[in-house]
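Numbered by the numbering used here, the letters in the sequence shown go through residues 30 to 415 in order. Note that CB positions come from ideal geometry on N, CA and C, so glycine has one too.
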Amino acid sequence: MKKVFLTGCDEYDRATLRKKIETGLADIGIAPDDFKNARVALKPNLLNASPVEKAVVTHPEFFRALVDTVKSYGGAPVLVESPAFQSLEKVVSKTGYDAIIRDERIPVWNNRDTVVAHNPSARKYRRFEIAAPLADADIIINLPKFKTHEITYITAAVKNLFGVIPGLNKSQWHVRAKTKSEFSEFLLDLYGAIMSEFSASKKIVHIADAVIGMEGAGPGASGTPRHIGAIVAGVDAIAVDFVLAAIVGIDSAKVTTITSGAARGLGSASFDDIDICGGRISDFSIKGFQPPKTGIADVVKNWSLERDIMKNLLVERPFPVEGTCTLCYQCKKICPVGAIGMADAPRRVPLYDYSKCIRCYCCMEICPEAAIRLKRGKLQWLMDRA
Ligand code: SF4
Ligand code: SF4
Numbered sequence: 030m031k032k033v034f035l036t037g038c039d040e041y042d043r044a045t046l047r048k049k050i051e052t053g054l055a056d057i058g059i060a061p062d063d064f065k066n067a068r069v070a071l072k073p074n075l076l077n078a079s080p081v082e083k084a085v086v087t088h089p090e091f092f093r094a095l096v097d098t099v100k101s102y103g104g105a106p107v108l109v110e111s112p113a114f115q116s117l118e119k120v121v122s123k124t125g126y127d128a129i130i131r132d133e134r135i136p137v138w139n140n141r142d143t144v145v146a147h148n149p150s151a152r153k154y155r156r157f158e159i160a161a162p163l164a165d166a167d168i169i170i171n172l173p174k175f176k177t178h179e180i181t182y183i184t185a186a187v188k189n190l191f192g193v194i195p196g197l198n199k200s201q202w203h204v205r206a207k208t209k210s211e212f213s214e215f216l217l218d219l220y221g222a223i224m225s226e227f228s229a230s231k232k233i234v235h236i237a238d239a240v241i242g243m244e245g246a247g248p249g250a251s252g253t254p255r256h257i258g259a260i261v262a263g264v265d266a267i268a269v270d271f272v273l274a275a276i277v278g279i280d281s282a283k284v285t286t287i288t289s290g291a292a293r294g295l296g297s298a299s300f301d302d303i304d305i306c307g308g309r310i311s312d313f314s315i316k317g318f319q320p321p322k323t324g325i326a327d328v329v330k331n332w333s334l335e336r337d338i339m340k341n342l343l344v345e346r347p348f349p350v351e352g353t354c355t356l357c358y359q360c361k362k363i364c365p366v367g368a369i370g371m372a373d374a375p376r377r378v379p380l381y382d383y384s385k386c387i388r389c390y391c392c393m394e395i396c397p398e399a400a401i402r403l404k405r406g407k408l409q410w411l412m413d414r415a
């Protein structure tokens, strides 16, 4: 049985968070002594420079509580994160992490030094360049923010580890694994590589910030913050994600990283195999949680993404909204296939080339103004009737 710790938590109060996190660590078998003189890599979700109240990033007080715990147990934390496009300096400054890093003198990964992690059991991708501090650490603590995600349905423990790949390299993975299912399988290959390289020599822990999560058009500023009031922890990322999905009523069968992760033997996705400690799923009454709006069978979308004409008819495309867009062109810079150009006056929004667009939605994720919406393909109504 895999242990997953689940507890209620309604506020980002430093002392409260620390107490609950320490209880959770003990419950899943991580002892204070494990931290003595240990180098501890902390991997929050710092997707972009969104204000904390937008619930895009792991709350800074959540991170601070972990720092308090690690230090009080005798460990030395290091921050490992690499936003896809914006500089980490900008993101930590906007999200309040900068004060914690400064006050607690926390070393930060320089986004350059990497090591290679191999996954001999990968379905497709066997080699990854990832953050070097993971190899140097004695303990890896993954601190995802629980959110919806337009590609992977949810983002939590498995998806958050995408951030150990340096900056713009992430966009290239979207090009290589361009359908939704391919991208989820790629994430599992990456997770498998991290486990294969490190699980024998280090403790790897996942502690999810689901105090305020995100619903709707996540994971960026277009999503809607939603009070969930939970902290979920475990050493099995698949099981942690499975429990997170359950407390908000998401059908885990729709989350490929959960279903395929369990099928591959990377973790547990069944209440028969998971021992939930701390609280119960039924303690949470999250009604009407809004999943990402997919609106069409993913299998059709994946098929359509391989075919340019069908793609434009059957898959939602991102489009920038005039009046909200500030023409900052962050979307243009992050687009992995060069599908976004300068505004074509008099329109005051970037110009999209939908024949090139691979629907990775990186532009939506990065847009600081939540100015990018999804427009349905002209024939998507057919799928709704199917
Ligand atoms: S759509 Fe968003 S990211 Fe792109 S230029 Fe406009 S404000 Fe910037
Ligand atoms: S336009 Fe947006 S969704 Fe399309 S490929 Fe570029 S970043 Fe991805």
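Look up ASN171 in the DSSP assignment and say whether it is helix, strand or coil.
Strand at ASN171.
Alpha-carbon spacing of ARG68 relative to ALA128, whole angstroms:
Taking the straight line joining both Cα atoms gives about 21 angstroms.
Can you give me the C-alpha to C-alpha distance between TRP138 and SER314, rounded to a whole angstrom?
Roughly 39 angstroms separates the two Cα atoms.
How is the alpha helix (DSSP H) around GLU51 delimited, first residue to last?
Counting along the chain, the unbroken alpha helix (DSSP H) around GLU51 starts and ends at 43-56.
Looking at ligand 1, does it come within less than 6 angstroms of ALA400, judged from the CB to the closest heavy atom?
Answer for ALA400: yes, Cβ within range of ligand 1.
If you follow the beta strand (DSSP E) that MET243 is part of, which residue opens it and which one closes it?
For MET243, the enclosing beta strand (DSSP E) stretches over residues 232-245.
Considering only heavy atoms of ligand 2, does any lie closer than 6 angstroms to the CB of PRO347?
Yes, ligand 2 has a heavy atom inside 6 angstroms of this Cβ.
Opening and closing residue of the alpha helix (DSSP H) in which CYS392 lies:
That run of the alpha helix (DSSP H) goes 391-395.
Select from LEU273, GLY192, ILE276 and SER213 the residue whose C-alpha is nearest the C-alpha of PRO22.
Since the first residue shown for the chain is 30 and the last is 415, residue 22 is missing from the structure and cannot be characterised.
Which complete alpha helix (DSSP H) runs does the segment 153-218 hold, if anything under 4 residues is left out?
DSSP runs (the alpha helix (DSSP H)) wholly in the segment 153-218: 161-165, 186-189 and 198-205.
Helix, strand or coil at CYS306 according to DSSP, with G and I counted as helix:
DSSP places CYS306 in strand when its eight states are reduced to three.
Could you work out which residue in MET339, GLN115, PRO106 and GLU51 is closest to LEU408 when comparing CA atoms only?
LEU408 has its Cα closest to that of MET339, out of MET339, GLN115, PRO106 and GLU51.
Taking only the alpha-carbon atoms, compute the straight-line gap between ILE325 and ARG405 and give it to the nearest angstrom.
Any reading at ILE325 must be qualified, since the residue scores a pLDDT of 49, below 50, and its modelled position is unreliable; the value itself is stated next. Whole-angstrom Cα-Cα distance: 10 angstroms.
Measuring straight from C-alpha to C-alpha, what distance separates ARG414 and TYR381?
Confidence at ARG414 is low in this model, with a pLDDT of 49, below 50, so its placement is unreliable and no value can be given for it.
Between ILE287 and ALA298, what straight-line distance do the alpha-carbon atoms span, to the nearest angstrom?
ILE287 and ALA298 have their alpha carbons spaced roughly 7 angstroms apart.
Restricting to runs no shorter than 4 residues, where is the alpha helix (DSSP H) found entirely within the segment 352-402?
You should have 359-363 and 391-395.
Count the other CB atoms within 10 Å of the CB of MET393; is the residue buried (16 or more) or exposed (fewer)?
Buried.
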